[in-house]
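So the sequence shown is numbered by our numbering: it starts at 734 and just counts up by one.
Cβ atoms here follow ideal geometry from the backbone N, Cα and C, with glycine treated the same way.
One structure is given below, encoded as structure tokens.
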Amino acid sequence: MPRTKTPPTKRTTATTLAPSELHLRIEGLAIEHEKLLKQIKKKRNELNNFIEQMRVTATEIFGRATPNYQKIALLDQEIHTLFKEILEKKKLGKQSKKKIEEIYRSLQYAGIISRKPFDIFEDEDLAEDFEDLERDLEEEFDSKRSQQSNYYHRPDSEAESPSATKSESSKKIRHIFLRLAEIFHPDRAKDVETQKRHTEIMQEINKAYQEGDLARLLEIEQQHEVGEEIDSNSEDDLSRKCSRLEQNNKILKTQYESLKKELREVKKTPEGEMLADCKKAKKHGVNPVDEILGQLESQIEVISGIRDYVKDFQEQKLTIKEFLEGPDILRSLQRDMMEELLEEMLEDLGGVIRF
734 MPRTKTPPTK RTTATTLAPS ELHLRIEGLA IEHEKLLKQI KKKRNELNNF
784 IEQMRVTATE IFGRATPNYQ KIALLDQEIH TLFKEILEKK KLGKQSKKKI
834 EEIYRSLQYA GIISRKPFDI FEDEDLAEDF EDLERDLEEE FDSKRSQQSN
884 YYHRPDSEAE SPSATKSESS KKIRHIFLRL AEIFHPDRAK DVETQKRHTE
934 IMQEINKAYQ EGDLARLLEI EQQHEVGEEI DSNSEDDLSR KCSRLEQNNK
984 ILKTQYESLK KELREVKKTP EGEMLADCKK AKKHGVNPVD EILGQLESQI
1034 EVISGIRDYV KDFQEQKLTI KEFLEGPDIL RSLQRDMMEE LLEEMLEDLG
1084 GVIRF
């Protein structure tokens, strides 16, 4: 009998094993991918909810406090007008006028009334001193404002990362955007109903692209099942999918860290701190809006007292000597400011001085 030839055994190589290894790798990356998408969605909702709560709280406070703010503005304007009339029309000695100017400026520096340009000052040295002080305060204010930049429309993908990562992220986002736009462009729809649906989807796609939101673009891709087709038996296809998942996950991690950072920074803004204070107050059974209104009422009382003090002098109900002693509230504030300044100086010295 002729000997039957045994078919040659296929050699096991790295190539035949690769698909199985890639399947396992892809499975792990896919799990990580879904986890990142959920984390981003949760953190994005947390950020949006916090911003909405800030808006609602600010709107409520502004709505109820507007009448009080209007009263303060009217009193403020009245005090400035009274001082202007006193300094420009009243017959005053040079020293008396200088002291009145100092009282006027002290009220502004203490924050009791708004700050105004001092072109009415005759004392050039005094005017220059206060202009320098005003400039310093404005620079400090501008510096703080720049640190509290607008957090409401900042793209999720904007993070402090190397330029290469940003470029990689931008390219990836644009690539997915263009592919989705090609699929869902309304002009490609074959009927009115499909065109309407594609228009709605394109609005979501455009919004996600403008915000640099890779996670949302990928969600849209999954939701409508328009991902790139992969041959599960092709090593090349599997390798491409693996690389794509690795790249996407890297960008998603950056986006997630960016969202966390943005939320932290929003909480540090004046509006964010106000919301936090309101929440704390509510926990202690205190109505935060009523508390703010109470503070404004106290402020109105103080400013009204200042107005009456200046008006009494303007109407000659106070002597120049009585007026130059300054209002009680200003003397009290000056004492507090000096005490705070002394405490800060002692802290800076680190306890070197001992009593």
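Cβ-based neighbour list, R878, same chain, cut-off 7 Å, excluding 5 preceding and 5 following: With a pLDDT of 45 at R878, under the threshold of 50, the modelled position of this residue cannot be trusted, and the question is left open.
Cα-Cα separation between F727 and I805, rounded to whole angstroms: The displayed coordinates of the chain run from 734 to 1088. Any statement about residue 727 would go beyond what the structure contains.
Quick check: K832 and Q841, are their CB atoms within less than 8 Å of each other? no
Own chain partners of A1009 with C-beta closer than 6 Å, once the 5 adjacent residues on each side are dropped: none
Since R788 and L992 are thought to touch, with beta carbons under 8 Å apart, how far apart are those beta carbons, to the nearest angstrom? Wrong, their Cβ atoms sit about 19 Å apart, outside the cutoff.
Comparing the C-beta of E1058 with each C-beta of chain D, is any distance below 8 Å? Looking for chain D here will not work: only one protein chain is present.
Helix, strand or coil for G1027 per DSSP? helix
Within the continuous alpha helix (DSSP H) that includes Q928, where are the two ends? 925 to 943
Going by Cα to Cα distance, which pick from T927, E785, I906 is closest to Y942? I906
Hey, quick one: how far does the alpha helix (DSSP H) through V999 stretch, first residue to last? 968 to 1001
Output yes or no for whether 8 Å exceeds the beta carbon distance between I773 and A948. yes
Taking the C-alpha atoms as reference points, what is the distance between L808 and R1040? About 7 Å.
If you run the structure through DSSP and keep just helix, strand and coil, what is G761? helix
Please state whether DSSP places K771 in a helix, a strand or coil. Note: K771 maps to helix in three-state DSSP.
V1035, DSSP secondary structure in three states: helix
From which residue to which residue does the alpha helix (DSSP H) around K849 run? Taken as a continuous stretch (DSSP letters only), K849 belongs to no alpha helix (DSSP H), as it is neither H nor E.
Does the beta-carbon of S991, which I'm using as the reference point, lie nearer than 7 Å to any heavy atom of the ligand FAD? For the ligand FAD, the structure offers nothing, since it holds no ligand at all.
With a Cβ-Cβ cutoff of 8 Å, do I984 and S900 count as a contact? No, they are not a contact pair.
Counting only the same chain and skipping the five closest in sequence on each side, list residues whose C-beta sits under 7 Å from that of K1044. Within the same chain, K1044 has close Cβ partners L815.
Nearest CA to the CA of K768: which residue from Y989, I1033, S829? Y989
Inter-residue Cα distance where the pair is D946 and E954: 13 Å
N- and C-terminal bounds of the alpha helix (DSSP H) containing K831: 827 to 842
Rounded distance between the beta-carbons of I846 and I812, thought under 8 Å: Correct: roughly 5 Å between the Cβ atoms.
What residue from L1026, I1053, K904 has the CA that sits closest to G826's CA? Taking G826 as reference, the option from L1026, I1053, K904 with the minimal CA-CA separation is I1053.
What would DSSP say about K743, mapped onto helix, strand or coil? Model confidence at K743 stands at a pLDDT of 42, short of 50, so the residue's coordinates are unreliable and nothing is read from them.
Could you compute how far the alpha carbon of H1017 sits from the alpha carbon of L978? 48 Å
Whose CA, out of E1048, N801, R758, lies closest to the CA of K822? E1048
Does DSSP classify Y884 as helix, strand or coil? Confidence in Y884 is poor, its pLDDT being 42 and thus under 50, which makes the residue's placement too unreliable to answer from.
Is A922 helix, strand or coil when you go by DSSP? coil
Does the Cβ-Cβ distance between L780 and L971 come in under 8 Å? no
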